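Going by our numbering, the letters in the sequence shown line up with residues 1124 to 1355, in that order.
Built from N, CA and C at the ideal position, the CB exists for glycine as well.
Treat the numbers as computed from the prediction; the structure is a model and nothing was measured.
Step one of this worksheet: look at the structure below.
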Amino acid sequence: MVRFIHTADIHLDSPLKGLEAHEDAPVDEIRGATRRAFDNLIELALEEEVDFVLIAGDLYDGDWKDYNTGLFFVDRMGRLDRAGIRVFIVLGNHDAASRITKTMPLPGNVTLLSSRKPQTVLLDDLGVAIHGQSYPGRTVSENLVAQYPRKDPDYFNIGLLHTALTGRPGHEPYAPCTVDDLLAKGYDYWALGHIHLREVVAADPLIVFPGNIQGRHIREIGGKGATLVTIE
């Protein structure tokens, strides 16, 4: 049995948009909400004893430049490392532009997938193949998945991708592709990011937007979280 967590669009340390306009708003308290949500994610990974965590883009916020944000992330990755939990990340439109992304060394248990071309990581001990590509910059207008490899028949294949698919309200149409493009690869699970609302796009195979773990403005309401997956 293999277990993993699929998350995306964390926007670590991003302030709640529009909050400063309200005189009595608890700005500092709410600014820490993304850290508390991320800590909850780390606790879930440890409690469930998952094998790995997938982050499908926008870990950081592009216009958020506090180096302490990166130090916080590295510290939490250390907790996962001590538990033997690996982490695989693709950059999205926000963190591809982040200074933190370009300067912060990553712990040994964290793999940042290439932005030059699709990269495949084989987890031979688990029988899992992870295919993904980071954004090279803030704007990606081409269909990245077109260059992803076909499935490896000897592995459980996971596609990791930051995309708007054919478009979603309120989100830029980055890395556009269709569900048929995803299905054509023959993968067993598609771990998507970019859309802040949870959506199960398809059930067989599973194509999932987990949504974000903390709303970024007053219109991002409702349940927030990540997706816990078990492979049997």
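Residue 1205 sits in a helix when the DSSP states are folded into three classes. By the criterion of at least three beta-carbon pairs nearer than 8 Å, the stretch 1255-1264 is in contact with the stretch 1212-1220. Closest in C-alpha terms to residue 1351, from the list 1314, 1306, 1234 and 1318, comes 1314. Contact check for residue 1178 and residue 1212: beta-carbon distance about 4 Å, within the 8 Å limit, so the pair qualifies.
Every unbroken stretch of the beta strand (DSSP E) spanning 3 or more residues and falling wholly within the stretch 1234-1294 is given here in chain order: 1242-1246, 1251-1255 and 1279-1285. Distances from the alpha-carbon of residue 1304 to those of 1126, 1185 and 1325 put 1325 closest.
Per DSSP, residue 1179 lies in no alpha helix (DSSP H); the unbroken beta strand (DSSP E) holding it starts and ends at 1175-1179. When 1165, 1276, 1270 and 1297 are compared, the shortest CA-CA separation from residue 1176 is found for 1165. CA-to-CA, the gap between residue 1167 and residue 1235 works out to about 22 Å.
The C-alpha of residue 1302 is placed about 16 Å away from the C-alpha of residue 1333. For residue 1204 against residue 1231, the beta-carbon gap comes to about 7 Å, under 8 Å, which counts as contact. Close CB contacts of residue 1270 within its chain, under the 8 Å cut and outside five residues either way in sequence, are with 1240, 1241 and 1256 (chain order).
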